[in-house]
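**Student:** First the structure, which I've put down as structure tokens, then a few questions once you've had a look.
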């Protein structure tokens, strides 16, 4: 059983889903572990040969090629959204993906989402760039002692779920609304006081539990698989402890920290950590983006149809890497927790003529590899318009 981590190097949208899906083809029985964040991830896997294109939120990228998905205890399942995703997956691929979850995984609730939306709306032009999916609100609620695990939900009737959500709203959410000064003029205020919202949410969550099997993911259970791939939800520069980016961060660890915790409990070790980057940098949402440029002035960079402008994050933005030191800094800091050499995957090279865009130059790929070869064990590349092709037809080890 080989264990691989796929981690974004920047602010997201690097190609983590495509790399994960490509790796799945190496194994007969692959397992994808979603270990951070929740339904706010949007990882696109497009297979030109089969004519398929799917955006993965909670289903692991590569499920269409037979991979199972495990939602780890550090992941926040959104059991309201997951039903729609499974139905869309089944409509396109003709089968239902295998979804498992650890008993302790704590779910996001409709009130988390509504509080998130209400707060971002209140911030106006000073938004933090949240996806509006309630991840930070879920973290705060759990910390306050009002968590609800997927294992508990599996034992509840719809009525008991409704009563549990109602109690949380009364004991926690109401005070949170008051503390945030969300008043009746906020368009989400009425929803945070509507019991039908909770009732409908409870019934949908209960019904959607049929798509998820609760498991004890111990070493015996994991040994059914010959390959395990940890699929990160957000990039390293959005890690909750990357204080240079505050307050425009996620509320989880986006690198190897949770992975090491998961493996350590089972006396397993990580074999490879692949850090993914485009040949340039993107950011979808508020926050600093050094060396930002207008995509229009760089003719080769194509529009990103997965990241269309939306109410919560605005439009996708583009920037250059600063320099080679900055390019490797976060990766080398993160991988130091493991003690192995990292791998690098560079995507979208077709858009930049096999060059990596730095602040002061467009560096040819061989030159970058020459500079970083002591720090990285492997560099994988992709020149396809849609990223990595399944079967690693375009992934090449160039070191």
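In the numbering used here, the protein residues as written are 1170 to 1568. Think of the CB as a built atom: it goes at the ideal place given N, C-alpha and C, for glycine as much as any other residue. Predicted, not measured: the structure shown is a model, and the values here were computed from it.
Since I believe residue 1228 is in contact with residue 1442 (beta carbons under 8 Å), could you give me their beta-carbon distance rounded to a whole number of angstroms?
**Tutor:** One-based indexing of the chain shown puts residue 1442 at position 273. One-based indexing of the chain shown puts residue 1228 at position 59. Between residue 1442 and residue 1228, the beta carbon gap of about 23 Å keeps them out of contact (Cβ cut-off 8 Å).
**Student:** Return the residue from the list 1537, 1186, 1202 and 1291 that minimises the CA-CA distance to residue 1216.
**Tutor:** Residue numbering aside, residue 1216 sits at position 47 when the chain shown is read from its first letter. Of the candidates 1537, 1186, 1202 and 1291, the one whose C-alpha sits nearest the C-alpha of residue 1216 is 1186.
**Student:** Where in the segment 1341-1406 do unbroken runs of the alpha helix (DSSP H), each at least 4 residues long, occur, reported from the N-terminal end onward?
**Tutor:** 1343-1348, 1364-1377 and 1388-1391
**Student:** Near residue 1252, which residues of its chain fall below 8 Å by C-beta distance, leaving aside the five closest residues on each side in sequence?
**Tutor:** In the chain shown, the residue the question calls residue 1252 occupies position 83. Excluding sequence neighbours, residue 1252 sits near 1373, 1376, 1377 and 1380.
**Student:** Let me check understanding here. Comparing Cα to Cα, which of 1463, 1352, 1316 and 1246 lies closest to residue 1288?
**Tutor:** Taking the first residue of the chain shown as position 1, residue 1288 is located at position 119. Taking only the C-alpha atoms, the option nearest residue 1288 is 1352.
**Student:** Can you tell me whether DSSP reads residue 1185 as helix, strand or coil?
**Tutor:** The residue you call residue 1185 lines up with position 16 of the chain shown. Reduced to three states, the DSSP call for residue 1185 is helix.
**Student:** Which word fits residue 1562, buried or exposed, when buried means at least 16 other C-beta atoms lie within 10 angstroms of its C-beta?
**Tutor:** Residue mapping note: residue 1562 aligns to position 393 of the chain shown, counting from 1. Note that residue 1562 scores 37 on pLDDT, short of 50, meaning its location in the model is unreliable; the coordinates nonetheless yield the value given after this. Exposed, since its Cβ has fewer than 16 Cβ neighbours within 10 Å.
**Student:** Consider the Cβ of residue 1204: report whether some Cβ of chain B lies at a distance smaller than 7 Å.
**Tutor:** You won't find chain B in this structure, because it holds only one protein chain.
**Student:** Does the segment 1432-1451 touch the segment 1504-1524, meaning 3 or more C-beta pairs lie closer than 8 Å?
**Tutor:** Enough Cβ pairs lie closer than 8 Å, so yes.
**Student:** Which residues in the same chain have their Cβ closer than 6 Å to the Cβ of residue 1556, if we skip the five residues on either side of it in sequence?
**Tutor:** Residue 1556 sits at position 387 when you count from the first residue of the chain shown. Residue placement at residue 1556 is flagged as unreliable, the pLDDT there being 45, under the threshold of 50; the coordinate-derived value follows with that caveat. Excluding positions up to five away in sequence, the list reads 1184, 1187 and 1516.
**Student:** Among the residues of its own chain, which have a CB less than 7 Å from the CB of residue 1404, if the five just before and after it don't count?
**Tutor:** Against the chain shown, residue 1404 aligns to sequence position 235. Excluding positions up to five away in sequence, the list reads 1177, 1178, 1179, 1180, 1181, 1183 and 1423.
**Student:** Mapping the DSSP letters down to three states, classify residue 1294 as helix, strand or coil.
**Tutor:** Counting from 1 along the chain shown, the entry for residue 1294 is found at position 125. Three-state result, residue 1294: helix.
**Student:** Would you decide whether residue 1261 is buried or exposed? Buried here means 16 or more other CB atoms lie within 10 Å of its CB.
**Tutor:** What you label residue 1261 is simply residue 92 of the chain shown in a count that begins at 1. By the 16-neighbour rule on beta-carbons within 10 angstroms, residue 1261 is exposed.
**Student:** Could you tell me the distance, in whole angstroms, from the CA atom of residue 1356 to the CA atom of residue 1510?
**Tutor:** By one-based count along the chain shown, residue 1356 stands at place 187. By one-based count along the chain shown, residue 1510 stands at place 341. Residue 1356 and residue 1510: Cα-Cα distance of roughly 50 Å.
**Student:** Using only CA atoms, which one of 1200, 1242, 1232 and 1212 lies nearest to residue 1431?
**Tutor:** Here residue 1431 is taken as the residue at index 262 of the chain shown, counted from 1. Among 1200, 1242, 1232 and 1212, the Cα nearest to that of residue 1431 belongs to 1242.
**Student:** Is the segment 1326-1339 in contact with the segment 1385-1392, if contact means three or more CB pairs nearer than 8 Å?
**Tutor:** Too few Cβ pairs lie closer than 8 Å, so no.
**Student:** Write down the C-beta distance between residue 1239 and residue 1200 rounded to the nearest angstrom, noting that I regard them as a contact closer than 8 Å.
**Tutor:** Your numbering for residue 1239 matches position 70 in the chain shown. Your numbering for residue 1200 matches position 31 in the chain shown. Contact between residue 1239 and residue 1200 holds: their C-beta atoms lie close to 6 Å from each other, under 8 Å.
**Student:** So which of 1543, 1541, 1522 and 1542 has the shortest CA-CA distance to residue 1533?
**Tutor:** In the chain shown, residue 1533 corresponds to position 364, counting from 1. Nearest option by C-alpha distance: 1522.
**Student:** For residue 1459, collect the residues of the same chain with a Cβ closer than 7 Å to its Cβ; drop the 5 residues on either side in sequence, then sort them by chain order.
**Tutor:** Taking the first residue of the chain shown as 1, we reach residue 1459 at position 290. Non-local beta-carbon contacts of residue 1459 in its own chain, meaning distances under 7 Å to residues more than five positions away in sequence, involve 1488 and 1491 in chain order.
**Student:** Beta strand (DSSP E) containing residue 1451: first to last residue?
**Tutor:** Stepping through the chain shown from its first residue, residue 1451 is reached at position 282. That run of the beta strand (DSSP E) goes 1450-1453.
**Student:** Please tell me whether residue 1246 and residue 1210 are closer than 7 Å, where the distance is taken between their beta carbons.
**Tutor:** Numbered from 1 along the chain shown, position 77 holds the residue referred to as residue 1246. Numbered from 1 along the chain shown, position 41 holds the residue referred to as residue 1210. No, the Cβ-Cβ distance between residue 1246 and residue 1210 is not below 7 Å.
**Student:** Give a yes or no on whether the C-beta atoms belonging to residue 1171 and residue 1400 are separated by under 7 Å.
**Tutor:** Taking the first residue of the chain shown as position 1, residue 1171 is located at position 2. Taking the first residue of the chain shown as position 1, residue 1400 is located at position 231. No; because the gap between Cβ atoms is not below 7 Å, this pair is not in contact.
**Student:** Return the bridge partner residues of residue 1225 from the DSSP annotation.
**Tutor:** By 1-based counting over the chain shown, the position of residue 1225 is 56. BP columns for residue 1225 point to 1212.
**Student:** Could you check how far apart the C-beta atoms of residue 1317 and residue 1333 are, in whole angstroms? I think they sit under 8 Å.
**Tutor:** Residue mapping note: residue 1317 aligns to position 148 of the chain shown, counting from 1. Residue mapping note: residue 1333 aligns to position 164 of the chain shown, counting from 1. 6 Å between Cβ atoms; contact.
**Student:** Residue range of the alpha helix (DSSP H) that residue 1501 falls in?
**Tutor:** Reading the chain shown from its first residue, position 332 is the one you call residue 1501. Start and end: 1493-1504.
**Student:** What is the DSSP secondary structure of residue 1411, reduced to helix, strand or coil?
**Tutor:** Counting from 1 along the chain shown, the entry for residue 1411 is found at position 242. The answer is coil: DSSP assigns residue 1411 none of H, G, I, E or B.
**Student:** Using only the alpha-carbon positions, how far apart do residue 1558 and residue 1174 sit?
**Tutor:** The residue given as residue 1558 occupies position 389 in the chain shown. The residue given as residue 1174 occupies position 5 in the chain shown. Per-residue confidence for residue 1558 stands at a pLDDT of 38, beneath the threshold of 50, marking its modelled position as unreliable; the derived number appears in the next sentence. So the alpha carbons of these two residues sit roughly 19 Å apart.
**Student:** Just the C-alpha distance for residue 1339 and residue 1264, rounded to the nearest angstrom, thanks.
**Tutor:** For the purposes of this step, residue 1339 is taken as residue 170 along the chain shown, with counting starting at 1. For the purposes of this step, residue 1264 is taken as residue 95 along the chain shown, with counting starting at 1. Distance between the alpha carbons of residue 1339 and residue 1264 is about 40 Å.
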